[in-house]
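Here the structure comes first, spelled out in structure tokens, and everything after it is commentary.
There are 2 protein chains.
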Amino acid sequence: MRAARLHAIGGPDHVRVERVDAPQPGPGEALVRVDAAALNRRDLFITQGLYPGIALPVILGSDAVGTVIAYGPGANGPELGARVVIDPMLEWGDDPRVWSPAATILGMPRPGTLAEYVCVPAVNVHAAPPHLTRDEAAALPLAGLTAYRALVTRGRLQRGETILITGVGGGVQSIVLLFAHALGARCIVTSGSDEKLVRARALGAEIAVNYREDPQWHKTIRSAGPIDLAIDSAGGETLARVLDLVRPGGRVVIYGGTTPQATIRPFSIFWKHLDVLGTSMGSPQDFREMLAFVERERLCPVVDRVYPLDDVAAALRRLQEGTQFGKVVVAIA
Amino acid sequence: MRAARLHAIGGPDHVRVERVDAPQPGPGEALVRVDAAALNRRDLFITQGLYPGIALPVILGSDAVGTVIAYGPGANGPELGARVVIDPMLEWGDDPRVWSPAATILGMPRPGTLAEYVCVPAVNVHAAPPHLTRDEAAALPLAGLTAYRALVTRGRLQRGETILITGVGGGVQSIVLLFAHALGARCIVTSGSDEKLVRARALGAEIAVNYREDPQWHKTIRSAGPIDLAIDSAGGETLARVLDLVRPGGRVVIYGGTTPQATIRPFSIFWKHLDVLGTSMGSPQDFREMLAFVERERLCPVVDRVYPLDDVAAALRRLQEGTQFGKVVVAIA
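One line per chain: the protein sequences are X and G, in this order.
Here the numbering used here = 1-based position in the first sequence + 5.
Here the numbering used here = 1-based position in the second sequence + 5.
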């Protein structure tokens, strides 16, 4: 089969599309023929060597929509031939609070979805919401899981609350906005790009602030009224601002950080009785609830661009440039 | 009446013991004759001008045990002559999550407990747990309220969990240890003083680590097994260490910070799905539950030293030096 494999650390250009043996489903596993995959920052970070213990070569990719074509011994799930999406969180474990030490994410070390076929535990295979196009379905799993857990399981977002979504352009934050709007929240977003802010308004953002052009952006946001919940993955100075901005008794959920360190004022946390809640990926229950929510509300993730598999390096560079709005998809079939 | 009033910013020496008019209880208020007060870092910080909007002169003091001797119009509470303690959190409001904008702490701006008489809302007056001595009862209110909310309401401490208590010498942290031990937790404490660690062991600490003498203190703690909950009010580098030390899925409660800023690694929060929970003081319900818990478990706050009112400046300097273990009490009657 054809697959996109990373052969050396050093960025997207070290990913090569080549022929490798197709996988065979072992006990408890499902074999999925991939129609489309989607990229995540994680894929880019792996090419850049930003994780420990990267074993090469490896097939990248955590997101996929495809067709389940075989089950290994003892495995079952959606009927053969069904259109499925894959929960990229492998072996989360029994504790809804946190993943187990055995947990991994599809696409390193386990071979990922940027290939014509992928083998995963059958419990990770779910019927795709039927209203989604191929590319929308490919865009959903990792970002939808992360966004749902951040908003609902951790953030406990309630209808009518005001939410602040920082850096709205990325794949996860665009889905955070989509979900938050559907949950009945009043959405405030920030971005460094006016173009992204226009897109965010179309997705339901009521207030959209350009932090590059408005040096007083935090004051602009403060004047918009109390913020009940903020979702941040920027870290650094943005996290410090967010902690200062959220109302007393409010919540801040962080699911990532692009800077290794952040200098915060603990005073904001204790004086305002804040909940600062960490999250990453999500549990099997989070994934099931997310799929049901997307199907019930007929939500469609935003697809930025679709690249053919041969152009996977260009697709990764698109993430690297940071100009995308929504998810970058790679068509396989 | 005699009272300790702060006349100028600049430290404990600007507190003068002098004669002032005794207060009269207004509508909804109780008049309490104070037997003993206790000091908090807040009193010291006020003398140092570390809060905004300090109006001088002001009678300091948030903690008191005494006798309720009169009620104003429409007020009721414990019977006249009863020995009472005062909940120092005034006008918390209706939201158990966070205080209202009207909330203040007894002892600035409202005249405090370092006086022969103090007037407070009658709802803040509660029968003192009968097993406590005068000085233990004086030591309890503010620190007990803060500790109880940090451990129980916010920290959700469960029997059998392991808790890390940083900087165990202070008034609140010594009560955090007392309460956590009574709640059936395995207690790990840190301090920069071996003498304080000996005291902490006597209060039930299983592991006591001197962070000054053991530069690898965080490794020592890590080797003691997973930490479910940490309670910190140091901030700064200690907060960053605590976030790194707590187990995946664990909680960190912060109720203060002696440094204005802390540089943390957001990765610790999101990768471990931590709850970082701010708290300060506590609600009326927290106070009632705390008193019932102290009475039921017959817990006795640790009293460091007792000073006569005339030596209140020396008592404040004791806090400033930071060598105390437990609460510094000022005898009034």
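From the three backbone atoms N, C-alpha and C, an ideal C-beta is built for every residue, glycine too.
Quantities reported herein were computed from a predicted structural model and do not represent experimental measurements.
Under 8 Å between C-beta atoms, does Arg47/G make it to chain X?
Reading the second sequence from its first residue, position 42 is the one you call residue 47/G. Not an interface residue.
Mapping DSSP to helix, strand and coil, what is Asp68/X?
Position 63 of the first sequence, counting from 1, holds the residue named residue 68/X. Of the three classes helix, strand and coil, the one that applies to Asp68/X here is strand, per DSSP.
What do you reckon, are the CB atoms on Pro17/X and Thr52/X nearer than 8 Å?
Taking the first sequence and counting its residues from 1, the one referred to as residue 17/X is at position 12. Taking the first sequence and counting its residues from 1, the one referred to as residue 52/X is at position 47. Yes, they are a contact pair.
Can you name the start and end residues of the alpha helix (DSSP H) that Ala142/G belongs to?
By one-based count along the second sequence, residue 142/G stands at place 137. From DSSP, the alpha helix (DSSP H) with Ala142/G extends over 139–144.
Just verifying my parser: in three-state terms, what is the DSSP assignment at Ile226/X?
Locating residue 226/X in the first sequence gives position 221, where the first residue counts as 1. Residue state, collapsed to three classes: helix.
Within 10 angstroms of its Cβ, does Thr171/G collect 16 or more other Cβ (buried), or is it exposed?
In the second sequence, counting from the first residue as 1, residue 171/G sits at position 166. Per the 10 Å Cβ criterion, buried.
DSSP state of Met94/X, grouped into three classes?
As a working note, residue 94/X is residue 89 in the first sequence. Strand.
How many angstroms separate the CA atom of Gly262/X from the CA atom of Ala245/X?
Here residue 262/X corresponds to residue number 257 of the first sequence, with the count starting at 1. Here residue 245/X corresponds to residue number 240 of the first sequence, with the count starting at 1. If you take the alpha carbons of Gly262/X and Ala245/X, they lie about 12 Å apart.
Can the beta-carbon of Ala108/G be found closer than 8 Å to that of Glu96/G?
For the purposes of this step, residue 108/G is taken as the residue at position 103 of the second sequence. For the purposes of this step, residue 96/G is taken as the residue at position 91 of the second sequence. A contact, by the Cβ cut-off of 8 Å.
What number of angstroms, rounded off, separates the C-alpha of Tyr56/G from the C-alpha of Gly149/X?
Within the second sequence, the letter at position 51 stands for residue 56/G. Within the first sequence, the letter at position 144 stands for residue 149/X. Tyr56/G and Gly149/X: Cα-Cα distance of roughly 44 Å.
For chain X, is any of its Cβ atoms less than 8 Å away from the one on Lys332/G?
Along the second sequence, read from residue 1 onward, the residue named residue 332/G stands at position 327. Not one chain X Cβ lies under 8 Å of Lys332/G.
Which residues, in chain order, does the stretch 164–191 of chain X contribute to contact with chain G at a C-beta distance below 9 Å?
none
If you measure from the beta carbon of Arg270/X to each beta carbon in chain G, is any gap under 8 Å?
One-based indexing of the first sequence puts residue 270/X at position 265. Chain G, which has a Cβ nearer than 8 Å to the Cβ of Arg270/X, makes this yes.
Note down, in chain order, every chain X residue with its Cβ under 8 Å from the Cβ of Gly240/G.
Within the second sequence, residue 240/G is the residue found at index 235, counting from 1. Those are Pro271, listed as they occur along chain X.
Interface residues of chain X facing Ile259/G [CB-CB closer than 7 Å]
Along the second sequence, one-based indexing puts residue 259/G at 254. Correct list: Pro271, Ile274, Phe275.
Terminal residues of the continuous beta strand (DSSP E) containing Thr243/X?
By 1-based counting over the first sequence, the position of residue 243/X is 238. Thr243/X -> not in any beta strand (DSSP E); alpha helix (DSSP H) instead, spanning 241–250.
From the DSSP output, in three-state form, read off His12/G for me.
Numbered from 1 along the second sequence, position 7 holds the residue referred to as residue 12/G. Coil at His12/G, not helix or strand.
Under 9 Å from the C-beta of Gly262/G: neighbouring residues of chain X
Locating residue 262/G in the second sequence gives position 257, where the first residue counts as 1. Correct list: Arg270, Pro271, Phe272, Ile274, Phe275.
On the DSSP letters alone, give me the boundaries of the beta strand (DSSP E) that Ser196/G sits inside.
Taking the first residue of the second sequence as position 1, residue 196/G is located at position 191. Per DSSP, Ser196/G belongs to the beta strand (DSSP E) from 191–196.
I need the boundaries of the beta strand (DSSP E) containing Leu234/X, first residue and last residue.
Taking the first sequence and counting its residues from 1, one reaches residue 234/X at position 229. Per DSSP, Leu234/X belongs to the beta strand (DSSP E) from 232–237.
Which residues mark the beginning and the end of the alpha helix (DSSP H) in which Glu200/X is found?
The residue given as residue 200/X occupies position 195 in the first sequence. Run containing Glu200/X: 199–207, per the alpha helix (DSSP H) assignment.
Our contact map puts Thr284/X next to Tyr260/X with C-beta atoms below 8 Å; I'd like the distance itself, whole angstroms only.
Within the first sequence, numbered from 1, the residue matching residue 284/X stands at position 279. Within the first sequence, numbered from 1, the residue matching residue 260/X stands at position 255. Contact flag correct, Cβ pair sits at about 5 Å.
Going by other Cβ atoms of all chains shown within 10 Å of its Cβ, with 16 needed for buried, is Lys332/X buried or exposed?
As a first step, residue 332/X must be located in the first sequence, where it is residue number 327. With 16 or more other Cβ atoms within 10 Å, it is buried.
Could you list which residues in chain G have their beta carbon closer than 7 Å to that of Leu341/X, in chain order?
Residue 341/X is absent from the model: chain X starts at 6 and stops at 338.
Would Asp100/X pass as an interface residue toward chain G - the criterion being a Cβ-Cβ separation below 8 Å?
Walking along the first sequence from the start, residue 100/X turns up at place 95. Asp100/X counts as touching chain G.
Flag Gln266/X as yes if its beta-carbon sits less than 8 Å from any beta-carbon of chain G, otherwise no.
Counting from 1 along the first sequence, the entry for residue 266/X is found at position 261. With 8 Å as the cut-off, Gln266/X counts as an interface residue toward chain G.
Near Tyr76/X, which residues of its chain fall below 8 Å by C-beta distance, leaving aside the five closest residues on each side in sequence?
Your numbering for residue 76/X matches position 71 in the first sequence. So the list reads Pro30, Glu34, Ala35, Leu36, Gly82, Leu85, Ala127, once near-sequence residues are dropped.
For a quick check, are the C-beta atoms of Val257/G and Ala239/G less than 8 Å apart?
Taking the first residue of the second sequence as 1, we reach residue 257/G at position 252. Taking the first residue of the second sequence as 1, we reach residue 239/G at position 234. Contact flag unset, no.
Any beta carbon from chain X within less than 8 Å of Leu150/G's own beta carbon?
As a working note, residue 150/G is residue 145 in the second sequence. Judged by the 8 Å Cβ criterion, Leu150/G is not in contact with chain X.
Exposed or buried, Val3/G, counting other C-beta atoms within 10 Å across all chains shown (16 or more means buried)?
This structure leaves residue 3/G out entirely; chain G is present only between 6 and 338.
According to DSSP, Asn215/G sits in a beta bridge with which residue or residues?
As a working note, residue 215/G is residue 210 in the second sequence. Ser196/G.
List, in order along the chain, the chain X residues whose C-beta lies closer than 8 Å to that of Val103/G?
For the purposes of this step, residue 103/G is identified with residue 98 of the second sequence, where counting begins at 1. Simply Pro253, Gly254, Lys277, His278.
Do Leu119/G and Val63/G count as a contact pair if the criterion is CB distance below 8 Å?
As a working mapping, residue 63/G is identified with position 58 in the second sequence. As a working mapping, residue 119/G is identified with position 114 in the second sequence. No, the Cβ-Cβ distance between Val63/G and Leu119/G is not below 8 Å.
Kindly indicate which residue of Asp309/X, Ser198/X, Val39/X has the alpha-carbon position closest to the one of Asp219/X.
Locating residue 219/X in the first sequence gives position 214, counting from the first residue. That would be Ser198/X, whose Cα lies nearest to the Cα of Asp219/X.
Mind pulling the chain G residues with CB within less than 7 Å of Leu244/X?
By 1-based counting over the first sequence, the position of residue 244/X is 239. Residues of chain G passing the Cβ test: Pro271.
Looking at Arg70/G: is its Cβ nearer than 8 Å to the Cβ of Val130/G?
On the second sequence, position 65 is the one that residue 70/G refers to. On the second sequence, position 125 is the one that residue 130/G refers to. Here the sequence assigns Val to residue 70/G, which means Arg is not the residue at that position. Cβ distance not < 8 Å, so Val70/G and Val130/G don't count as in contact.
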